[in-house]
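Chemist: Sequential numbering of the sequence shown, starting at 1, is according to the numbering used here.
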Amino acid sequence: MTPSDAPDLDGMTRDEAGRRIEQLRGELRRHEHAYYVLDRPEISDAAYDALFKDLLGLERAFPDLVTPDSPTQRVGGGVLPSFPEVRHLAPMISLESITDPDEVRRFDERIRKALPNARVSYLVEPKFDGLSIEAVYINGQLDRVSTRGDGEWGEGITKNVKTIRSVPLRLHAGPDAPVPAVLAARGEAIMHARDFERLNRDLEQEGKALFANPRNAAAGSVRQLDPRITARRRLDVFFYDLLHAEDAVPVATALDELRVLGEWGLRIAPEARDCETIEDVFAYHREMESRRDSLGYEIDGIVVKLADLSARLRLGTTARHPRWALAFKFAPREQKTIIRGISVQVGRTGVLTPVADLEPVEIGGVTVARATLHNREEMKRKNLHVGDRVRVVRAGDVIPDIVERIGPSGAVPEADFVMPAECPSCGTPVVHEGPFDRCPNGLECPAQLKGAIQHFGSRDALDIRGLGERTVDELVSSGLVKSVADLFALMAEPLKALEGFADLSARNLVDAIRAANKPTLARFIYALGIPQVGTETARDLAQHFGSVERIEHANEDDLMAVSGVGEAVARAIATFFAQAENRRIIERCLEAGVQPIAPDRPAVGGVLAGKTVVFTGTLEMPRAQAEERVRRHGGRPTSSVSKSTDYLVAGEDAGSKLQKAKKLGVPVLTEGEFLKMLEGER
Ligand code: IVH
Numbered sequence: 001m002t003p004s005d006a007p008d009l010d011g012m013t014r015d016e017a018g019r020r021i022e023q024l025r026g027e028l029r030r031h032e033h034a035y036y037v038l039d040r041p042e043i044s045d046a047a048y049d050a051l052f053k054d055l056l057g058l059e060r061a062f063p064d065l066v067t068p069d070s071p072t073q074r075v076g077g078g079v080l081p082s083f084p085e086v087r088h089l090a091p092m093i094s095l096e097s098i099t100d101p102d103e104v105r106r107f108d109e110r111i112r113k114a115l116p117n118a119r120v121s122y123l124v125e126p127k128f129d130g131l132s133i134e135a136v137y138i139n140g141q142l143d144r145v146s147t148r149g150d151g152e153w154g155e156g157i158t159k160n161v162k163t164i165r166s167v168p169l170r171l172h173a174g175p176d177a178p179v180p181a182v183l184a185a186r187g188e189a190i191m192h193a194r195d196f197e198r199l200n201r202d203l204e205q206e207g208k209a210l211f212a213n214p215r216n217a218a219a220g221s222v223r224q225l226d227p228r229i230t231a232r233r234r235l236d237v238f239f240y241d242l243l244h245a246e247d248a249v250p251v252a253t254a255l256d257e258l259r260v261l262g263e264w265g266l267r268i269a270p271e272a273r274d275c276e277t278i279e280d281v282f283a284y285h286r287e288m289e290s291r292r293d294s295l296g297y298e299i300d301g302i303v304v305k306l307a308d309l310s311a312r313l314r315l316g317t318t319a320r321h322p323r324w325a326l327a328f329k330f331a332p333r334e335q336k337t338i339i340r341g342i343s344v345q346v347g348r349t350g351v352l353t354p355v356a357d358l359e360p361v362e363i364g365g366v367t368v369a370r371a372t373l374h375n376r377e378e379m380k381r382k383n384l385h386v387g388d389r390v391r392v393v394r395a396g397d398v399i400p401d402i403v404e405r406i407g408p409s410g411a412v413p414e415a416d417f418v419m420p421a422e423c424p425s426c427g428t429p430v431v432h433e434g435p436f437d438r439c440p441n442g443l444e445c446p447a448q449l450k451g452a453i454q455h456f457g458s459r460d461a462l463d464i465r466g467l468g469e470r471t472v473d474e475l476v477s478s479g480l481v482k483s484v485a486d487l488f489a490l491m492a493e494p495l496k497a498l499e500g501f502a503d504l505s506a507r508n509l510v511d512a513i514r515a516a517n518k519p520t521l522a523r524f525i526y527a528l529g530i531p532q533v534g535t536e537t538a539r540d541l542a543q544h545f546g547s548v549e550r551i552e553h554a555n556e557d558d559l560m561a562v563s564g565v566g567e568a569v570a571r572a573i574a575t576f577f578a579q580a581e582n583r584r585i586i587e588r589c590l591e592a593g594v595q596p597i598a599p600d601r602p603a604v605g606g607v608l609a610g611k612t613v614v615f616t617g618t619l620e621m622p623r624a625q626a627e628e629r630v631r632r633h634g635g636r637p638t639s640s641v642s643k644s645t646d647y648l649v650a651g652e653d654a655g656s657k658l659q660k661a662k663k664l665g666v667p668v669l670t671e672g673e674f675l676k677m678l679e680g681e682r
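1. Could you name the residues that DSSP lists as bridge partners for residue 429?
2. Is the beta carbon of residue 270 within less than 6 Å of some heavy atom of the ligand IVH?
3. Thinking C-alpha only, which one of 675, 534 and 648 is nearest residue 208?
4. For residue 436, does the three-state DSSP call read helix, strand or coil?
5. Could you pull out every residue in the same chain whose Cβ sits closer than 7 Å to the Cβ of residue 440, ignoring the five residues on either side in sequence?
6. To which residues of the same chain is residue 229 closer than 8 Å at the C-beta, ignoring the five residues directly before and after it?
7. Just verifying my parser: in three-state terms, what is the DSSP assignment at residue 100?
8. Could you check whether residue 162 and residue 74 sit closer than 7 Å to each other, using their CB atoms as the reference points?
9. How big is the Cα-Cα spacing for residue 504 and residue 592?
10. Rounded to the nearest angstrom, what separates residue 199 and residue 673 at their Cα positions?
11. Hey, is residue 330 close to the ligand IVH, as in C-beta under 6 Å from one of its heavy atoms?
12. Is residue 672 helix, strand or coil by DSSP?
13. Work out the CA separation of residue 250 and residue 175 for me, nearest whole Å.
14. Any chance the segment 9 to 22 sits against the segment 56 to 65, with 3 or more Cβ pairs inside 8 Å?
15. Is it right to say residue 310 is buried, meaning 16 or more other beta carbons lie within 10 angstroms of its own, or is it exposed?
16. Buried or exposed: where does residue 313 fall if 16 or more other Cβ atoms within 10 Å of its Cβ makes it buried?
17. Leaving out the 5 sequence neighbours to the left and right, which residues in its chain are closer than 6 Å to residue 80 when beta-carbon positions are compared?
18. By the DSSP assignment, the alpha helix (DSSP H) with residue 488 in it spans what residues?
19. Might you give, ordered along the chain, the residues of its own chain that have their beta carbon closer than 7 Å to the beta carbon of residue 466, omitting 5 neighbours on each side?
20. Is DSSP giving residue 603 helix, strand or coil here?
21. Going by DSSP, which residues form a beta bridge with residue 648?
22. Do you know how far the Cα of residue 566 is from the Cα of residue 424?
23. Considering only residues of the same chain and omitting the five flanking positions on each side of residue 369, which have a CB-CB separation below 6 Å?
24. Within this structure, are the beta carbons of residue 171 and residue 179 separated by less than 7 Å?
25. Within 6 Å: the Cβ of residue 128 and any heavy atom of the ligand IVH?
26. Please classify residue 663: is it buried, with 16 or more other beta-carbons within 10 angstroms of its beta-carbon, or exposed?
27. In whole angstroms, what separates the C-alpha of residue 267 from that of residue 167?
28. Can you list, in chain order, the residues of its chain with a C-beta nearer than 7 Å to that of residue 518? Leave out the 5 residues immediately preceding and following it.
29. Measuring only from the beta carbon, is residue 300 closer than 6 Å to any heavy atom that is part of the ligand IVH?
30. Count Cβ pairs between the segment 250 to 261 and the segment 136 to 151 that sit closer than 8 Å; are there 3 or more?
31. Count the C-beta pairs between the segment 201 to 215 and the segment 102 to 117 that are closer than 8 Å, then say yes if the count reaches three, no if not.
32. How big is the Cα-Cα spacing for residue 502 and residue 645?
33. State the DSSP-derived secondary structure class of residue 67, mapped to helix, strand or coil.
34. Examine the ligand GDP and report whether any of its heavy atoms sits within less than 6 Å of the Cβ of residue 186.
35. By Cβ distance, which residues of its chain are closer than 8 Å to residue 560, with the 5 residues on each side in sequence left out?
36. Give the straight-line distance between the Cα atoms of residue 126 and residue 297, rounded to the nearest whole angstrom.
What follows is the structure, encoded as structure tokens:
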């Protein structure tokens with residue numbers, strides 16, 4: 001038998017598989033672009049995963065058909081020994097940074113004087129606060145990515161950047177932009193505020209050092225020797241500059257250049273704009289500064305670039321910066337102030353967190369009066385005491401942080417701070433755990449109970465709107481809620497008696513809690529607040545075990561079989577479930593009607609266990625839902641019919657797949673018959 005007609009598991013020849021593989025890759029690339037670059041998903045996550053699994057299956061059967069730009073190749077290979085040095089295709093120069101508007105005016109005047117006959121206009125866009133990178137595509141394939149380094153040589157971070165889903169592994173051919181032979185594009189790798197907060201929350205929970213801001217977190221994440229870590233951090237890249245292109249259609253202006261980058265499938269700033277006058281530039285600067293907090297990622301100014309690309313060449317560069325562009329920064333969101341006192345908060349895990357009470361200062365339009373000091377070790381590292389003068393930063397909506405001590409203030413007597421020996425909330429003696437001080441009183445401690453309830457309703461957990469700090473305070477202090485399970489028994493009537501509640505708000509809260517009673521299993525596990533279990537571990541546990549009961553009954557060895565769960569995490573999970581109180585709370589949640597939804601994994605023993613099912617024609621239910629059901633009952637939805645297909649479910653107007661199934665003797669079901677078959681199972 002020759003390789004070209006060797007049948008694979010689905011009875012396909014190599015040629016058939018090759019065609020199907022290309023088709024699947026094309027579809028997956030289109031959906032990645034729609035989802036990660038344009039923020040306009042076209043199919044459900046489950047449907048995407050199904051296509052992905054099909055491709056993975058075919059590539060496993062025909063490993064020689066795997067190419068480096070296949071969507072399956074984002075996370076691959078092992079841990080790197082170090083980062084290779086990479087020479088940039090074109091030098092990566094930096095911009096002059098300016099905060100003074102008068103200097104911006106002088107920049108404009110200089111340009112207009114140097115180009116007396118030209119119509120001067122500027123391309124303006126956000127100045128992303130991340131890490132500058134160069135991505136090189138050869139014949140449309142992502143070849144290498146490097147950090148800026150010294151501008152000429154950078155560090156090769158290709159494997160890590162390949163895990164960033166908004167970075168295409170292969171360029172698209174745009175309607176007016178065929179793929180160039182060689183392209184070097186410059187962009188900024190950033191971390192979204194939401195992912196940054198999640199990362200720091202997870203790091204804090206694991207007792208690891210935190211990142212001071214999203215930029216450091218992005219830089220730290222692309223410089224991981226294990227690309228799987230980068231993949232989990234969910235970075236993003238915005239491209240803004242074409243460093244070098246060979247065999248590309250010529251473009252005349254900066255806006256055209258951006259449009260072409262966009263057509264090739266690279267993510268560009270949707271806020272980019274053309275400004276005719278320097279007054280327009282100022283207006284844009286004001287506008288972006290006011291939108292700064294709502295973008296979801298950090299920008300630290302705007303970049304102003306002469307639009308006319310040929311005029312740029314005439315202006316040239318100075319020794320260090322181009323004469324045709326500048327970075328017009330925002331006032332820093334950083335201030336100097338004084339630590340007036342230090343108080344201690346008790347979080348949901350019982351950890352005592354020192355918080356600095358600051359001499360109030362305005363930072364970027366917000367008054368800051370408190371900043372977290374994290375823990376004893378961080379305070380020691382930064383050498384902080386009451387009475388110190390300190391530098392404070394506020395990044396987006398993130399909690400303000402003290403960057404460093406400047407020295408004693410003289411305004412307040414200097415005093416060393418000593419962590420209390422007893423929990424400030426319940427008086428229980430604290431225990432020392434590494435850098436942390438912890439109250440061991442668990443849910444008996446009011447502060448921990450409040451924290452647990454707030455965490456339960458938080459965005460990555462059950463996402464219950466209206467369950468903020470003040471409400472939770474009221475619920476716990478009034479005695480209405482003694483554990484998270486009590487939330488589901490809440491009625492509107494007694495709530496109305498609480499401070500800050502009226503008819504409508506009481507009803508809204510009850511409705512919001514009810515509406516949250518079908519979380520994914522991963523969210524439910526995360527919501528339980530198991531020590532050391534962040535969102536990632538929760539997802540891994542859900543995927544591996546498929547139900548709360550199975551996790552409850554797992555021993556440490558079973559738990560360590562989950563990828564990413566080590567000894568310490570396994571012990572923390574086992575200890576959590578060994579406590580009768582925790583098991584009782586879970587049981588009461590389930591009794592109260594909470595139904596965690598299991599992820600797509602073969603349910604052992606489902607009617608479709610190990611079976612492949614293909615759908616064709618128009619179905620009553622959405623296709624993604626039909627596929628989800630197959631998975632929930634243990635089967636695998638696939639998209640093409642072969643000898644090994646177990647069932648074809650045919651809707652209205654079924655065509656060639658139906659013919660093929662009949663020819664191959666594959667059992668054909670109507671949608672009704674399919675649903676009947678699943679009856680009796682969950
Ligand atoms: S243009 C020669 N545009 O800001 C022009 N730079 O020194 C190349 N940056 O580290 C830079 N956002 O990486 C440009 N929209 C943007 C940018 C941007 C962020 C970074 C750049 C560099 C610094 C400027």
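Beta carbons: idealized from backbone N, C-alpha and C, even for Gly.
Modeler: The answer reads as follows:
1. As a first step, residue 429 is located in the sequence shown; it is residue number 429 there, counting from the start. Note: residue 429 sits in a beta bridge opposite 422.
2. By 1-based counting over the sequence shown, the position of residue 270 is 270. Flag unset: Cβ of residue 270 not near the ligand IVH.
3. Counting from one through the sequence shown, the residue named residue 208 turns up at place 208. Selected option, being the one with the closest Cα: 534.
4. Your numbering for residue 436 matches position 436 in the sequence shown. Looking at residue 436 - three-state DSSP - the assignment turns out to be strand.
5. Stepping through the sequence shown from its first residue, residue 440 is reached at position 440. These residues qualify, in order along the chain: 350, 428 and 431.
6. Taking the sequence shown and counting its residues from 1, the one referred to as residue 229 is at position 229. Taken in chain order, the residues that qualify are 221.
7. Position 100 of the sequence shown, counted from the first residue, corresponds to residue 100. Looking at residue 100 - three-state DSSP - the assignment turns out to be coil, as it is neither helix nor strand.
8. Taking the sequence shown and counting its residues from 1, the one referred to as residue 74 is at position 74. Taking the sequence shown and counting its residues from 1, the one referred to as residue 162 is at position 162. Result yes, Cβ atoms of residue 74 and residue 162 sit closer than 7 Å.
9. Here residue 504 refers to the residue found at position 504 of the sequence shown. Here residue 592 refers to the residue found at position 592 of the sequence shown. Each residue's Cα considered, the two are about 23 Å apart.
10. Your numbering for residue 199 matches position 199 in the sequence shown. Your numbering for residue 673 matches position 673 in the sequence shown. Rounded to whole angstroms, residue 199 to residue 673 spans 46 Å at the Cα level.
11. The sequence position of residue 330 within the sequence shown is 330, counting from 1. False, no ligand heavy atom lies under 6 Å from that Cβ.
12. Position 672 of the sequence shown, counted from the first residue, corresponds to residue 672. Residue state, collapsed to three classes: helix.
13. Working through the sequence shown from its first residue, we reach residue 175 at position 175. Working through the sequence shown from its first residue, we reach residue 250 at position 250. Answer to the nearest angstrom: the Cα atoms are 14 Å apart.
14. yes
15. By one-based count along the sequence shown, residue 310 stands at place 310. Exposed: under 16 other Cβ atoms inside 10 Å.
16. The count along the sequence shown starts at 1 and reaches residue 313 at position 313. Residue 313 should be labelled exposed.
17. Here residue 80 corresponds to residue number 80 of the sequence shown, with the count starting at 1. Here the set comprises 225.
18. As a working mapping, residue 488 is identified with position 488 in the sequence shown. From DSSP, residue 488 is part of no alpha helix (DSSP H); its letter is neither H nor E.
19. To locate residue 466, count along the sequence shown from 1; it is residue 466. Hits under 7 Å: 508, 509 and 512.
20. Taking the first residue of the sequence shown as 1, we reach residue 603 at position 603. Reliability fails at residue 603, whose pLDDT of 45 lies under 50, so the model's placement of it is uncertain and no value is given.
21. Here residue 648 refers to the residue found at position 648 of the sequence shown. Per DSSP, 614 and 668.
22. On the sequence shown, position 424 is the one that residue 424 refers to. On the sequence shown, position 566 is the one that residue 566 refers to. Going by the C-alpha atoms only, they are around 33 Å apart.
23. Residue 369 sits at position 369 when you count from the first residue of the sequence shown. Hits under 6 Å: 358 and 360.
24. Residue mapping note: residue 171 aligns to position 171 of the sequence shown, counting from 1. Residue mapping note: residue 179 aligns to position 179 of the sequence shown, counting from 1. Taking 7 Å as the Cβ cut-off, residue 171 and residue 179 qualify as a contacting pair.
25. What you label residue 128 is simply residue 128 of the sequence shown in a count that begins at 1. Answer for residue 128: yes, Cβ within range of the ligand IVH.
26. The sequence position of residue 663 within the sequence shown is 663, counting from 1. Answer is exposed; the Cβ neighbour count stays below 16.
27. As a position in the sequence shown, residue 267 is number 267, starting the count at 1. As a position in the sequence shown, residue 167 is number 167, starting the count at 1. Each residue's Cα considered, the two are about 8 Å apart.
28. Taking the sequence shown and counting its residues from 1, one reaches residue 518 at position 518. The answer, listed in chain order, is 595 and 597.
29. By 1-based counting over the sequence shown, the position of residue 300 is 300. Flag unset: Cβ of residue 300 not near the ligand IVH.
30. no
31. no
32. Counted from its first residue, the sequence shown places residue 502 at position 502. Counted from its first residue, the sequence shown places residue 645 at position 645. Computed Cα separation, rounded: 58 Å.
33. For the purposes of this step, residue 67 is identified with residue 67 of the sequence shown, where counting begins at 1. Coil at residue 67, not helix or strand.
34. You won't find the ligand GDP in this model; what it holds is the ligand IVH.
35. Taking the first residue of the sequence shown as 1, we reach residue 560 at position 560. Cβ within range, chain order: 566, 567 and 570.
36. Position 126 of the sequence shown, counting from 1, holds the residue named residue 126. Position 297 of the sequence shown, counting from 1, holds the residue named residue 297. So the alpha carbons of these two residues sit roughly 11 Å apart.
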